[in-house]
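Colleague: Below: one structure in structure tokens.
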Amino acid sequence: MKVAYYKGCLASLSAKELDSATQALAPKLGLELDELESVTCCGAGDIHEAEPDYYLHLNARILAYAEATGADTLMTICNVCTLNLRQANHQLQHDDALRTRVSDNLERVGAPPYGGGVDVKHLLWLIAEGDGYERLKEVAHRGLKGLKVAPFYGCQILRPSKLMGFENPDAPWSLEAIIAACGGEAIDYPAKIKCCGFPIIQAREELALDELIQPIEQALEAGADAMVTPCPLCHLSLDAWQQKLEAATGKSYQLPILHLSQLVGVAAGLQDSELKFRRHVVSVKPVVEKLQVGKP
Amino acid sequence: MDVALKIWRYDPESGQRELKRYEVEAPEWACLLDVLDLVKDKVDGTLAYRKSCRMMICGSCGMRMDGRAVLACKERMKPIVDRGHVPTISAMGNMPILKDLVVDMGPFWSKIRAMKPWLEPGYEEYPEKESRISPAAMQPIQKEALCIMCGCCVSECQSMESDPEFFGPAALAKGFRFVGDPRDKANVERLEAYNDEHGIWDCTRCYFCNERCPKGVDPRDAIAKLGAESVKEGIDRDMGAKHAKWFVHSAKTTGWLRETELVPKTQGVVRALKDYKLAISLAKHGKVPPPFPPHVAKDQKEARALRELVSAQGRDGAAGIVQGEKGLAHAVHAGEEELERRKEIRP
Amino acid sequence: MEAKHDVLVVGAGCAGMRAAIEAFDAGADVALISKIHPVRSHSGAAEGGINAALGNASDDNPEKHAFDTVKGSDYLGDQDAIEVLCDEAPGDVYELEHWGCVFSRTPDGRIAQRPFGAAGEPRTAYAADITGHVLVHVLYEQVMKRDIRTYEEYFAWKLVESDGRCQGVICWDILNGGLKTIGAKTVILATGGAGRLYTGTTNAYSCTGDGMAMALRVGVPLKDMEMMQFHPTTLSPSGVLITEGCRGEGAYLLNADGERFLERYAPNAMELASRDVISRAEQTEIDEGRGIDGDVLLDLRHLGAERILEALHGTRELSMTFAGVDPIQDPIPVRPGAHYHMGGVDTDLWGKTTLDGLYAAGECACVSAHGANRLGGNALMETITYGRRAGQAAAEWALSHTTVAVPESTVSDAERDLAALLGREEGERPWAIRDEMAQTMHENFGVFRREHQMEAQGKIIGGLRERYEKVVVDDKGMIFNNDVTQALELGFLLELAACMVVAGLARKESRGAHSRPYDYPSRDDESFMKHTMVTWAGGTPKLDWAPVRVTKWEPQERKY
């Protein structure tokens, strides 16, 4: 299946491991990625809040370039990108006058217009059901060997459900299904659908850390060996800011956080050069050793 | 149909908290509120909860079902009974519990009042007839005007859970009801007040408020509209505003987010330097991309030109968000059945 | 006495809040009492709109509005009261707009007005289909702006009458428990209607006629109590309201044969005839077997998804949640439901009752602005105009009097009565009495009334009142005890029911909402163009009559 691929800011820079794992994984899942290059940051909630008209145009441009590849699906690998692009897409697809105005502006700066012909889907959705799921089961031959994995959805892949609409926002199942297909054991805990705090981790650190500690402590208490998330922003706060939680509480957490592509990649036999675990702040060594990653 | 419920009881006079199970026979059309009435009438008259209109307009009956805030008069019981599920009913969150399902709405109303929630038209003598305001000019506040003050959004607000002084989604949506009203002339004053340390930029964007609101107010979007108006008015002293503006700057210069500079641009150099331990650990793992040479996206001149073009067209501030509401309403309407179906899917 | 005020307003819906604002602006020390938070008041459930001859949609004037109202009232309305309402309505609506009311607008920015039942011109100003909600919130904003003292969740139970004056209110404090007495130089009752007398009703649980019963018990007469309006479009079985605004937008009413049956009852106005005419038409269709499971159909489909989503969004939500029907796709099953009480506390044009210091405004009052049938959109208007007038009059009276005295005996009597109720261990729970009352009122005192049914109902109510003497409450606690307040509300309702039946039997004609097609099918102006007046005498209603005040319009045949 050919999809337009929008990797987003973090996968381009500080979370390169997410991009490398995804690109290595894709062919195994039958996904032919047509990477978009003439794109910008989707704006996160920030451009949506600071300059909403610009947010709409930036996302329309991404959608337009995706449409221009001929694919009907734009694949994302980040919760925030997914919400932003889907929100913009809904606005443009269901309001002809707005789409006309925005497309005219795009054309005036030399970008293609947008006709409304693309659907935005996170990799998570492509492999949690249907053909994608069947493929996943086939390729997960290395398996997670019963590894206890805590799924962390975060907020923006689930809510607002009227824009996201893939699964029940209060009882999601996609990550659990993927963990099971990869031979792992999914851990359940209440904070798996709560916000990690990333959007305000700089502007309101104390508040954000109060949010962040919940999934970490709950998952560990429930016996998790590792945590998986479909969002590189959640990943950054869960992984890189975990040390701040340790500093604040005096406890040692050391919970390895995996990107979705890495979790599936491990089960599909990707090499360390593709998974790039060394780029994580919290060591993934315990998982690597247990699963003998990188060994033939 | 036979309906079973578990209700968290709280007796303020004894201090006792207890989860009790109740079973009653209810008609098939019954909502949660009807079942509570049957329990109170026929089983235990001491059960305390608020109710009035039973038609989703008065806002009295906010409570939690399975940990999620709902209006009791809106929740049909038949689908729950058909699934064989016994829901747990408890009082709304983030507000002190007075008794059983009744919360103290005092702090809620204090925050509403702190918004100065009355029109400031800027004149003392009223003209003879109505102000002339076009439908388009009144459009920005149509959603915020729907708010029935039920508290469901506040109950689920993650920022308020961690910062109890956060103004919260209901108060801020009410605030936008005035900032967005063309007849109100106190915009700048209001925005200054709402940019408080416990104001707009406290919002963590978890979208629980949008998800739980029974009326479709979308308080998170109202908060975003306030942010947009603040930036438009040049009120940007909060770190949250600075953070947001750097995203704009990144998008129009390099396209991709200029991550490394984001920290000092948000927090200021001094404070950023204090966080050196974090910075070093990030750098060790390759998570501090060097700001030079800048990582520029392909065809970036388009994004630059787009910003200029769009700025000149003047749909800045809240208008930029309001313009998308029509499309979103139609999108929701178009997808409603599929959404409901998907919410019920079990793997 | 917990406190003392110049003006004490009981009930914080549109009428109560408007009265309080006016009294405050007149310089009085005002307080509001409400058994629920002000914004929970049932005024907020009003949907379709508020009438005023603004002239934004057509060439309209207060006189046309007044004539429509007089005719709509089936000539039982007091015409001076109606003229005042229609003259002052435009100014009141403009004031609401200046306060920030979020009205729907015409393309050129004026307040939009839509056609409504029995109106000769489109004069119903509206805010989509949530007009009441928008009014309640703008009024509460103005209450907050003035920081008007509000006794929130105080259940007003008895009026203090002493020295020929009303001097305060005795309340049960719902949040903390116990009786609290608040003294006042003037008391304004603004407690709304009593739809809870009936099973199928548009009214909230809180609409239990509290103010009317409190006034009755201190000897103030209640006027036209038999006049209960049945709104033609309510959902079954609950009675949830589907706004007349749907018909204002062009919706059709159909019977089981798909026929727009109003052709046979009101060929000119069709779906926009007056409410009593339509309710009778529907009930006839249903009784004669052309209904579907006791309903007729309200069809909005031809209005189109766009217009429904824009102007009738609330209606769609209600229909989908409570009837499982999306009006974009299917017609909504509806039937008549008890909705609005034209009758109430007898007042003059300033809300003054026969008891000095006691005023009433809004649905609980009977000026009479609506006579035997109320026009859609006139109720909200009455709450504002007469709420304002009552507030003004009460403030003036209060500011020119100095004393307030609450005799100890009234307080101790109340304590004793309450202790008797709370102290009872054995007895019947109120719900059975309440449900029987509502079911039998629905059967015997509904859209169509007959002599023998009304007589039977009088006896049924008598029996229920006897049973009520022994009613027991489960909750004996202090904090948030609405078990006891719901029992007290039932007491109010039973007394009002007794008054209604007596008045209904006495009016031997059909006029407006009081329809007796089997024994007295016609209107009899010679004998009955007068108001019923019920006073409480020794625990039972006593009937009298009062003349209708005619200014300009002599009674004519009423056809739509």
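Protein chains in written order, with my numbering: chain E, 1 to 296; chain C, 1001 to 1347; chain Z, 2001 to 2560.
Quick reminder that beta carbons are idealized off the backbone N, C-alpha and C, glycines included.
Just so it is clear, the structure is predicted and the values come from calculations on it, not from any experiment.
May I have the straight-line CA-CA distance separating Z/Lys-2071 from Z/Arg-2558, to the nearest angstrom?
Modeller: When rounded, the distance between both Cα atoms is 7 angstroms.
Colleague: Nearest by alpha-carbon distance to Z/Gly-2423: which of Z/Glu-2443, Z/Val-2471 and Z/Ala-2390 is it?
Modeller: Of the candidates Z/Glu-2443, Z/Val-2471 and Z/Ala-2390, the one whose C-alpha sits nearest the C-alpha of Z/Gly-2423 is Z/Val-2471.
Colleague: Residues in its own chain within less than 8 angstroms of Z/Glu-2097 by CB, not counting five upstream and five downstream?
Modeller: Around Z/Glu-2097: Phe-2103 and Ile-2111.
Colleague: With a threshold of 16 other CB atoms inside 10 Å of the CB of C/Lys-1284, please say whether the residue is buried or exposed.
Modeller: Counting Cβ neighbours within 10 Å, C/Lys-1284 comes out exposed, since fewer than 16 surround it.
Colleague: How should E/Ala-177 be labelled, buried or exposed, when 16 other C-beta atoms within 10 angstroms of its C-beta is the threshold for buried?
Modeller: Buried.
Colleague: Name the chain C residues that come within less than 7 angstroms of Z/Phe-2480, Cβ to Cβ?
Modeller: Per Cβ cutoff of 7 angstroms: Ala-1048, Leu-1098, Lys-1099 and Val-1102.
Colleague: Based on DSSP bridge pairs, tell me the residues matched to Z/Pro-2547.
Modeller: Its beta-bridge partners are Z/Lys-2530.
Colleague: List the residues that DSSP assigns as beta-bridge partners of C/Tyr-1010.
Modeller: Per DSSP, C/Arg-1017.
Colleague: What are the residues that DSSP puts in a beta bridge with Z/Asp-2295?
Modeller: Z/Asp-2295 is bridged to Z/Ile-2292.
Colleague: Among residues of its own chain, excluding the 5 on either side of Z/Lys-2180, which ones have a beta-carbon nearer than 6 angstroms to its beta-carbon?
Modeller: Taken in chain order, the residues that qualify are Glu-2002, Cys-2171 and Asp-2173.
Colleague: Taking the CB atoms as reference points, tell me whether C/Leu-1309 and E/Val-109 lie closer together than 9 angstroms.
Modeller: Contact: yes.
Colleague: Out of Z/Val-2160, Z/Val-2136, Z/Leu-2235 and Z/Glu-2263, state which residue places its alpha-carbon closest to the alpha-carbon of Z/Phe-2322.
Modeller: Of Z/Val-2160, Z/Val-2136, Z/Leu-2235 and Z/Glu-2263, the residue nearest in Cα terms is Z/Leu-2235.
Colleague: Hey, could you find the ends of the alpha helix (DSSP H) E/Gln-93 is sitting in?
Modeller: Taken as a continuous stretch (DSSP letters only), the alpha helix (DSSP H) holding E/Gln-93 covers 79-93.
Colleague: Give the single residue among C/Ala-1251, C/Phe-1292 and C/Asp-1002 whose Cα lies nearest to the Cα of C/Ile-1080.
Modeller: The candidate whose alpha carbon is nearest that of C/Ile-1080 is C/Asp-1002.
Colleague: Can you look up Z/Pro-2336 in the DSSP assignment and give me helix, strand or coil?
Modeller: Strand.
Colleague: The alpha helix (DSSP H) spanning E/Ser-161 covers which residue range?
Modeller: Looking at the DSSP string, the run of the alpha helix (DSSP H) that includes E/Ser-161 is 161-164.
Colleague: Tell me whether C/Phe-1178 is buried or exposed, calling it buried when 16 or more other Cβ atoms sit within 10 Å of its Cβ.
Modeller: Buried.
Colleague: Under 9 angstroms, do Z/Gly-2357 and Z/Arg-2389 count as touching if we go by C-beta distance?
Modeller: No, the pair does not count as a contact, with Cβ atoms beyond the cut-off.
Colleague: Between the stretch 1314-1329 of chain C and the stretch 85-98 of chain E, do three or more beta carbon pairs fall short of 8 angstroms?
Modeller: With a cut-off of 8 angstroms, the stretch 85-98 of chain E and the stretch 1314-1329 of chain C count as touching, because enough Cβ pairs lie within range.
Colleague: Leaving out the 5 sequence neighbours to the left and right, which residues in its chain are closer than 8 angstroms to E/Val-118 when beta-carbon positions are compared?
Modeller: The residues are Ala-4, Leu-63, Ala-66, Glu-67, Ala-71, Asp-72, Thr-73, Leu-74 and Asn-89.
Colleague: C/Ser-1250 to E/Val-102, Cα distance in whole Å?
Modeller: Their Cα atoms are separated by approximately 21 angstroms.
Colleague: Please report the distance separating the alpha-carbon of C/Asp-1196 from that of Z/Val-2007.
Modeller: C/Asp-1196 and Z/Val-2007: Cα-Cα distance of roughly 38 angstroms.
Colleague: With 7 angstroms as the C-beta to C-beta threshold (strictly closer), list the residues of the stretch 2133-2156 of chain Z near chain C in chain order.
Modeller: The stretch 2133-2156 of chain Z vs chain C, Cβ under 7 angstroms: His-2133, Val-2134, Glu-2141, Gln-2142, Met-2144 and Lys-2145.
Colleague: Does chain C have any CB closer than 9 angstroms to the CB of Z/Val-2007?
Modeller: For Z/Val-2007, the answer is no, since every Cβ of chain C falls outside 9 angstroms of its Cβ.
Colleague: Check Z/Tyr-2520 in the structure and name its three-state DSSP category.
Modeller: Strand, per DSSP.
Colleague: Whether or not the stretch 2397-2412 of chain Z and the stretch 2479-2490 of chain Z are in contact is what I'm after, with contact meaning three or more pairs of Cβ atoms, one per stretch, closer than 8 angstroms; do they touch?
Modeller: Flag = no, the stretch 2479-2490 of chain Z and the stretch 2397-2412 of chain Z do not touch.
Colleague: Along the chain, where does the alpha helix (DSSP H) that runs through Z/His-2442 open and close?
Modeller: 2430-2444 is the span of the alpha helix (DSSP H), which, as asked, contains Z/His-2442.
Colleague: Whose C-alpha, out of C/Lys-1245, C/Ile-1223, C/Val-1296 and C/Lys-1274, is nearest the C-alpha of C/Thr-1253?
Modeller: The shortest C-alpha separation from C/Thr-1253 is found at C/Val-1296.
Colleague: Are the stretch 2013-2027 of chain Z and the stretch 2138-2150 of chain Z in contact at 8 angstroms, needing three or more beta carbon pairs?
Modeller: In short, these stretches touch, since the Cβ pair count reaches three.
Colleague: Output the boundary residues of the alpha helix (DSSP H) element that contains Z/Trp-2350.
Modeller: Taken as a continuous stretch (DSSP letters only), Z/Trp-2350 belongs to no alpha helix (DSSP H), as it is neither H nor E.
Colleague: Kindly list, in the order they appear in chain C, the residues whose Cβ is closer than 8 angstroms to that of E/Asn-105.
Modeller: The answer, in chain order, is Leu-1306, Leu-1309, Val-1310 and Gln-1313.
Colleague: Determine contact between the stretch 1213-1233 of chain C and the stretch 179-196 of chain E, defined as no fewer than three beta-carbon pairs at a distance below 8 angstroms.
Modeller: Result no; under three Cβ-Cβ pairs closer than 8 angstroms.
Colleague: Among residues of its own chain, excluding the 5 on either side of E/His-141, which ones have a beta-carbon nearer than 7 angstroms to its beta-carbon?
Modeller: Taken in chain order, the residues that qualify are Gly-269.
Colleague: Out of curiosity, what's the CA-to-CA distance linking E/Cys-81 and C/Asp-1218?
Modeller: The alpha-carbon atoms of E/Cys-81 and C/Asp-1218 are separated by roughly 20 angstroms.
Colleague: Which residue wins for smallest C-alpha separation from Z/Glu-2396, given the options Z/Lys-2185, Z/Tyr-2094 and Z/Phe-2067?
Modeller: Looking at the Cα atoms, Z/Lys-2185 is the closest of the given residues.
Colleague: Pop quiz: E/Val-266 and E/Leu-144 are said to be a contact at Cβ under 8 angstroms. What is the actual Cβ separation, rounded to whole angstroms?
Modeller: The Cβ separation is near 7 angstroms, so the contact holds.
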